[in-house]
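Going letter by letter, the sequence shown gives residues 900 to 1396 in our numbering.
One structure is given here, and the rest of the page talks about it.
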Amino acid sequence: MLDLAQLEVWFVVGSQSLYGEEILEKVREHAREMAGALSQAPEIPVRIVLKPVLISQDAITTLCMEATNDSRCIGLLVWMHTFSPARMWIAGLSALQKPFAHLHTQFNRDLPWPSIDMDFMNLNQSAHGDREFGFMCTRMGLRRKVIVGFWREREVVTEIASWTRAAAAWHDARGLRIARFGDNMRNVAVTEGDKVEAQIKLGYSVEGYGVGDLAGNIKKIGVAEIDRLVAEYDEVYDVAKPLRDGGERRQSLREAARIEAGLRAFLEEGGFGAFTDTFEDLHGLAQLPGIAVQRLMADGYGFGAEGDWKTAALVRAMKVMSAGLPGGTSFMEDYTYDFGQPSKTLGAHMLEICPSIAESRPSLEIHPLSIGGRDDPVRLVFNARSGPALNVCLIDLGNRFRMIVNEVDVVPPAEPLPKLPVARAVWVPRPNLKLATTAWIYAGGSHHTSFSQASITESLADFAEIGGIEFLRIGSTTCLDEFRNELRWNDYYLNAQ
900 MLDLAQLEVW
910 FVVGSQSLYG
920 EEILEKVREH
930 AREMAGALSQ
940 APEIPVRIVL
950 KPVLISQDAI
960 TTLCMEATND
970 SRCIGLLVWM
980 HTFSPARMWI
990 AGLSALQKPF
1000 AHLHTQFNRD
1010 LPWPSIDMDF
1020 MNLNQSAHGD
1030 REFGFMCTRM
1040 GLRRKVIVGF
1050 WREREVVTEI
1060 ASWTRAAAAW
1070 HDARGLRIAR
1080 FGDNMRNVAV
1090 TEGDKVEAQI
1100 KLGYSVEGYG
1110 VGDLAGNIKK
1120 IGVAEIDRLV
1130 AEYDEVYDVA
1140 KPLRDGGERR
1150 QSLREAARIE
1160 AGLRAFLEEG
1170 GFGAFTDTFE
1180 DLHGLAQLPG
1190 IAVQRLMADG
1200 YGFGAEGDWK
1210 TAALVRAMKV
1220 MSAGLPGGTS
1230 FMEDYTYDFG
1240 QPSKTLGAHM
1250 LEICPSIAES
1260 RPSLEIHPLS
1270 IGGRDDPVRL
1280 VFNARSGPAL
1290 NVCLIDLGNR
1300 FRMIVNEVDV
1310 VPPAEPLPKL
1320 PVARAVWVPR
1330 PNLKLATTAW
1340 IYAGGSHHTS
1350 FSQASITESL
1360 ADFAEIGGIE
1370 FLRIGSTTCL
1380 DEFRNELRWN
1390 DYYLNAQ
């Protein structure tokens, strides 16, 4: 579902006609080599496509308009090999509706000191040309990623890769449709927000449906499809005895399969990439979707519980960013604390944690749920694998969206949890629970989050930059006084916009 290899970033090299055809041919030669190497770099998940060297305003404008209208192009990687007068770029950059990264590099790593002449200087003057281009971007107030360093260095390639993942997530968000079954959980604040503003600024649309619409799809599911899914459950998971063939709760498992098939069909038919539900509105459903939500998330769908469409969109974006990387991404909730040493958070939800973060083969179980007023729901139960992770939220502050990232370290539960029948993750926030949680609350962070074990912190920062989202990071070096000052400065600056 998430195949980033089908997407393209266009490698755009700027120059001018002043230097003559011999120099321009060298520029083209160098650009071909660089684009080929970057496209083959295993860290970069998308295709790097070389475009003709741009030496005029008309050519620049035409390319920027073509990039805007090309469904495969998710952004530009722009580099000035020589000097390229920046006024030539105004019309094109004004027309461009795709994100771009400014690569400040040069073809050669080292200077050939004994042989440098003016021909060499005229050809290899990115230090000159990129400053001209950078001025115009700043003068026009354009958001972009600036990447500096020799283009073959691992650090530079990694930065390019990180940005391409953010650009892919932004490309996905611009056409993302989110199905919202039922409304928001009654009287809850942070899961609400301005859906119109979100569509204007971030691109995705939130479309409301009655749960009865979904129930109608579920009723259409035939016995053969239910049999197929149940057989898959039996093969893939450790099925609890009551749910096995011949067990007294086998019919509940079949009903869970029916819900999954109907929900999946609804999302596929509508072209949705994310969805929400709420236990306060289950009209026509025999049980709250548990395994259905978990498996759909594992296949790349975004999800938010209780009508939380912002988190559903964020889970989807982070799944796109992390496609092909080690570590899963899931909807999550900070549930309860252990104030021992070190202090920890137990993250979970009623049912809906994605098995992509599981440390081992999940157990398929059925247990009572004291809310929702329906039959006992079927769900996957597991512990999250240990290691570094991210806990991320997206909130609506009225005049802007804010993304908050807390870097955490997942640890095994201190003891077995035989009476906790849900999937869960235990983590130590960085720099520690006290400081991280204080900063999170000052920032207005939500209780619903997107939790990821993939290394995508910089991609999240790049995504926020592309989308004009305020970005806050809580990590090992966070100082509470400095963090609170950052909040004050951001408020002052962004409220004045």
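For every residue, glycine included, the Cβ atom is placed at its ideal position computed from N, Cα and C.
Where the beta strand (DSSP E) containing G1449 begins and where it ends: Residue 1449 lies beyond the residue range present for the chain, which begins at 900 and ends at 1396; the question has no answer from this structure.
G1246, DSSP secondary structure in three states: Reading the sequence shown from its first residue, position 347 is the one you call residue 1246. Of the three classes helix, strand and coil, the one that applies to G1246 here is strand, per DSSP.
Bounding residues of the alpha helix (DSSP H) (the contiguous stretch that carries C972): On the sequence shown, position 73 is the one that residue 972 refers to. First-last for C972: 972–979, but that is the beta strand (DSSP E), not the alpha helix (DSSP H).
Contacts around R1284, its chain only, beta-carbon distance under 6 angstroms, and the 5 residues preceding and following it disregarded: As a working note, residue 1284 is residue 385 in the sequence shown. Closer than 6 angstroms at Cβ, skipping near neighbours: E1258.
Nearest residue (CA-CA) to I1373, options P1330, P1013, A1360: The count along the sequence shown starts at 1 and reaches residue 1373 at position 474. Out of P1330, P1013, A1360, P1330 has the C-alpha closest to the C-alpha of I1373.
Environment of Y1136 [buried if 16+ CB atoms lie within 10 Å]: To locate residue 1136, count along the sequence shown from 1; it is residue 237. Classification of Y1136: buried, given that the 10 Å Cβ count is 16 or more.
Identity of the residue in E1232, I1117, Y1108 nearest F1171 by Cα: The residue you call residue 1171 lines up with position 272 of the sequence shown. Per the Cα distances, Y1108.
Check whether F1230 and E1251 have beta carbons under 8 angstroms apart: On the sequence shown, position 331 is the one that residue 1230 refers to. On the sequence shown, position 352 is the one that residue 1251 refers to. Result yes, Cβ atoms of F1230 and E1251 sit closer than 8 angstroms.
Any alpha helix (DSSP H) of 4 or more consecutive residues that is wholly inside the region 1302–1362: 1332–1341
Bounding residues of the beta strand (DSSP E) (the contiguous stretch that carries R1079): Counting from 1 along the sequence shown, the entry for residue 1079 is found at position 180. 1076–1080 is the span of the beta strand (DSSP E), which, as asked, contains R1079.
Cα-Cα separation between C972 and P1188, rounded to whole angstroms: Stepping through the sequence shown from its first residue, residue 972 is reached at position 73. Stepping through the sequence shown from its first residue, residue 1188 is reached at position 289. Cα to Cα, C972 sits roughly 36 angstroms from P1188.
For D1082 and F1209, believed in contact at Cβ under 8 angstroms, the rounded distance: In the sequence shown, the residue the question calls residue 1209 occupies position 310. In the sequence shown, the residue the question calls residue 1082 occupies position 183. In the sequence as displayed, the identity of residue 1209 is Lys instead of Phe. With a Cβ gap of about 14 angstroms, K1209 and D1082 do not count as contacting.
Residues that DSSP places opposite R946 in a beta bridge: Within the sequence shown, numbered from 1, the residue matching residue 946 stands at position 47. The partner list for R946 (beta bridge, DSSP) reads E907.
Residue range of the unbroken beta strand (DSSP E) whose run includes Y1108: Reading the sequence shown from its first residue, position 209 is the one you call residue 1108. Run containing Y1108: 1104–1108, per the beta strand (DSSP E) assignment.
Environment of A1070 [buried if 16+ CB atoms lie within 10 Å]: Here the question's residue 1070 lines up with position 171 in the sequence shown. Strictly speaking, residue 1070 in this sequence is His, with Ala absent from that position. It is buried - the Cβ of H1070 has at least 16 other Cβ atoms within 10 Å.
Spatial neighbours of A1169 in its chain, beta-carbon cut-off 7 angstroms, leaving aside the 5 residues before and after: Numbered from its first residue, the sequence shown carries residue 1169 at position 270. Correcting the residue type first, residue 1169 is Gly in the shown sequence and not Ala. Contacts found: R1076, A1078.
Through-space distance from C963 to I1117, alpha-carbon basis: Sequence index remark: in the sequence shown, residue 1117 carries index 218 (1-based). Sequence index remark: in the sequence shown, residue 963 carries index 64 (1-based). Computed Cα separation, rounded: 45 angstroms.
Extent of the continuous alpha helix (DSSP H) run through H1027: The count along the sequence shown starts at 1 and reaches residue 1027 at position 128. Start and end: 1025–1038.
Residue range of the beta strand (DSSP E) that includes L1268: In the sequence shown, the residue the question calls residue 1268 occupies position 369. Premise fails: L1268 is in no beta strand (DSSP E) and is neither H nor E.
Simplified DSSP assignment, three categories, for F1238: Within the sequence shown, numbered from 1, the residue matching residue 1238 stands at position 339. Looking at F1238 - three-state DSSP - the assignment turns out to be coil, as it is neither helix nor strand.
Straight-line Cα distance separating A1324 from W1062: For this step, residue 1062 is matched to residue 163 along the sequence shown. For this step, residue 1324 is matched to residue 425 along the sequence shown. Straight-line Cα distance between these residues: approximately 28 angstroms.
Enclosing beta strand (DSSP E) for F999 [first to last residue]: Position 100 of the sequence shown, counted from the first residue, corresponds to residue 999. Looking at the DSSP string, the run of the beta strand (DSSP E) that includes F999 is 999–1003.
Simplified DSSP state of L1289, which is helix, strand or coil: Counted from its first residue, the sequence shown places residue 1289 at position 390. Correct three-state label for L1289: strand.
Range covered by the beta strand (DSSP E) that runs through L1371: On the sequence shown, residue 1371 is found 472 positions in, with the first residue counted as 1. It spans 1369–1373 - the beta strand (DSSP E) in which L1371 sits, taken as one unbroken run.
Host alpha helix (DSSP H) of V1277 (start-end): Reading the sequence shown from its first residue, position 378 is the one you call residue 1277. First-last for V1277: 1277–1280, but that is the beta strand (DSSP E), not the alpha helix (DSSP H).
For H1248 and T1337, the rounded distance between their alpha carbons: As a working note, residue 1337 is residue 438 in the sequence shown. As a working note, residue 1248 is residue 349 in the sequence shown. Their Cα atoms are separated by approximately 22 angstroms.
Beta-carbon spacing of V1110, H1182 below 8 angstroms: Counting from one through the sequence shown, the residue named residue 1110 turns up at place 211. Counting from one through the sequence shown, the residue named residue 1182 turns up at place 283. Yes.
Residues sharing a beta bridge with V1045, DSSP: The sequence position of residue 1045 within the sequence shown is 146, counting from 1. Its beta-bridge partners are H1001.
Assumed close pair T981, S914 - CB separation to whole angstroms, cut-off 8 angstroms: Translated into the one-based positions of the sequence shown, residue 981 becomes position 82. Translated into the one-based positions of the sequence shown, residue 914 becomes position 15. Sure, about 5 angstroms apart at Cβ, within 8 angstroms.
Meets three-Cβ-pair contact criterion under 8 angstroms: the region 950–958 and the region 997–1005: no
Start-to-end residues for the beta strand (DSSP E) that takes in T1090: The residue you call residue 1090 lines up with position 191 of the sequence shown. Segment: none, T1090 is in no beta strand (DSSP E) and carries neither H nor E.
Cut-off 6 angstroms between Cβ atoms - residues of its own chain near H1346, not counting five sequence neighbours on either side: Here residue 1346 refers to the residue found at position 447 of the sequence shown. Residues of the same chain with a CB within less than 6 angstroms of the CB of H1346, apart from the 5 flanking positions on each side, are E1232, D1233 in chain order.
As assigned by DSSP and simplified to three states, the class of S955: The residue given as residue 955 occupies position 56 in the sequence shown. Coil, per DSSP.
Identity of the residue in D1361, R1383, I1355 nearest I1340 by Cα: Numbered from its first residue, the sequence shown carries residue 1340 at position 441. Comparing Cα-Cα distances from I1340 to each of D1361, R1383, I1355, the minimum goes to R1383.
Residue range of the alpha helix (DSSP H) that includes A994: Here residue 994 refers to the residue found at position 95 of the sequence shown. Residues 989–994.
Given 8 angstroms, three or more beta-carbon pairs between the region 1132–1152 and the region 1197–1204: no
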